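Residue numbers (our numbering): 1 to 340.
Note that beta-carbon positions come from the ideal geometry of N, C-alpha and C, so glycine has one too.
Please read all numbers here as calculations on a predicted model, not as lab measurements.
Below you'll find the structure, written out as structure tokens, and then a few comments.
Written out as structure tokens, the structure is:
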């Protein structure tokens with residue numbers, strides 16, 4: 001008889017692959033919920049639940065997830081997992097793969113403190129499993145109420161949570177503090193500046209009035225870029241290229257904006273979300289020519305999305321972005337020397 005597999009690990013792996021494939025949230029949640037329900041039980045207890053038929057009666061464990069657990073306990077790779085593994089995407093080309101292997105961390109990620117789907121610890125655990133050295137937590141700022149943006153008080157509570165987690169993790173991995181702060185219409189930042197100064201990485205993004213006239217939008221972005229607290233310009237055009245939320249690019253003078261990024265040391269984000277893929281390649285090439293630095297980020301809102309870096313690496317490599325110009329190929333210490 002085969003040795004039992006780790007049923008909780010199999011459930012988490014299924015959820016991860018579903019997230020990476022951008023499958024529906026309810027399907028992902030079913031597997032993450034089941035993994036959480038069983039996470040505090042040892043393998044013998046889980047096997048006992050399978051034998052007694054009580055497994056499917058547990059709140060949070062459905063018919064499909066129970067079947068996967070049953071297969072894992074029997075020492076079999078769950079059929080659901082096997083199918084997902086068999087349909088993984090094509091490998092990166094050589095240049096993109098080299099860039100991906102050079103990346104040490106992710107500078108843009110969200111937890112369930114704002115509009116992410118998983119808690120801080122789960123995001124960090126997945127980043128470790130992917131081989132990252134660090135993860136920057138950048139939940140939204142308060143103005144973005146639709147995304148449950150963090151007030152100053154809630155952000156301070158998160159900073160304390162991060163500090164505790166770093167003590168627990170020791171020296172092998174580092175959680176960096178951050179924010180995706182809204183750029184207000186006048187170019188100011190949507191959070192207390194004294195608090196922003198305490199953070200490791202500040203990603204500044206436009207989330208509102210995306211159809212502002214070109215001149216006004218350019219001035220709005222230039223004002224934010226000139227703010228010494230800003231480290232990264234997030235998803236600069238705000239476009240959406242797939243799904244039901246398709247949205248055109250914001251209009252701004254890209255030459256002026258990227259020249260300012262180069263002047264003030266603000267990195268241009270290569271956003272790896274498949275519905276964003278921002279900036280477009282023509283603008284990414286313009287940023288390269290302007291001498292900008294970059295971050296290649298997932299903008300992950302779920303653990304499996306942390307493995308979307310390949311999307312950004314393909315685009316960056318195709319546009320001539322050299323690895324040494326990508327801040328998250330640097331060590332955490334070197335990154336902090338830059339951002340602070």
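Here the alpha carbons of residue 35 and residue 103 stand approximately 29 Å from one another. The straight-line gap separating the alpha-carbon atoms of residue 133 and residue 330 is approximately 10 Å. Considering only 109, 209, 96 and 289, the residue with the shortest C-alpha distance to residue 143 is 209. Closest in alpha carbon position to residue 13, among 151, 24, 80 and 55, is 80. Assigned with DSSP and collapsed to three states, residue 73 falls in helix. Distance from the Cα of residue 184 is smallest, within the candidate group 100, 260, 289 and 141, for 141. In the three-state reduction of the DSSP assignment, residue 324 falls in the helix class, which pools H, G and I. Counting along the chain, residue 295 sits inside no alpha helix (DSSP H); it lies in the beta strand (DSSP E) bounded by residues 294-297. Under the rule that a run must span 4 or more residues, the alpha helix (DSSP H) segments found entirely inside the stretch 235-313 read 254-264 and 281-289. Take residue 267, set aside five residues on each side of it, and the residues of its chain with a beta-carbon closer than 6 Å to its own are 232, 293, 294, 295 and 327, in chain order.
The stretch 269-288 makes contact with the stretch 304-315, as at least three CB pairs between them are under 8 Å.
Per DSSP, the continuous alpha helix (DSSP H) segment holding residue 48 begins and ends at 43-52. Assignment of residue 10 by DSSP, reduced to helix, strand and coil, places it in the helix class. The beta-carbon distance between residue 271 and residue 234, rounded to whole angstroms, is 7 Å. This is short enough to meet the 8 Å contact definition.
About 23 Å separates the Cβ atoms of residue 194 and residue 222, ruling out a contact at the 8 Å cut-off. Each residue's CA atom was taken as its position, placing residue 118 and residue 23 some 15 Å apart.
Residue environment analysis places residue 100 among the buried positions, since at least 16 neighbouring C-beta atoms fall within 10 angstroms of its C-beta. Counting only runs that start and end inside the stretch 151-192, the alpha helix (DSSP H) elements of at least 4 residues fall at 152-169. By the neighbour-count criterion, in which 16 or more other beta carbons inside 10 Å mark a residue as buried, residue 82 falls on the exposed side.
Residue 87 and residue 21 have their alpha carbons spaced roughly 10 Å apart. Remark: C-beta atoms of residue 203 and residue 298 do not approach each other more closely than 7 Å. Buried is the label assigned to residue 225, since at least 16 other Cβ atoms lie within 10 Å of its Cβ.
Exposure of residue 291 is indicated by the presence of fewer than 16 other C-beta atoms within 10 angstroms of its C-beta. Taking a C-beta distance under 7 Å as the contact criterion, residue 135 and residue 171 do not qualify as a contact pair. Beyond the five residues adjoining it in sequence on each side, residue 285 comes within less than 8 Å, by CB distance, of 319 and 320 in the same chain, given in chain order.
In this structure, the alpha-carbon of residue 59 lies about 30 Å from that of residue 150.
According to DSSP, residue 205 shares a beta bridge with 182. Closest in C-alpha terms to residue 306, from the list 205, 164, 169 and 127, comes 127. Considering only 180, 243 and 217, the residue with the shortest C-alpha distance to residue 230 is 180.
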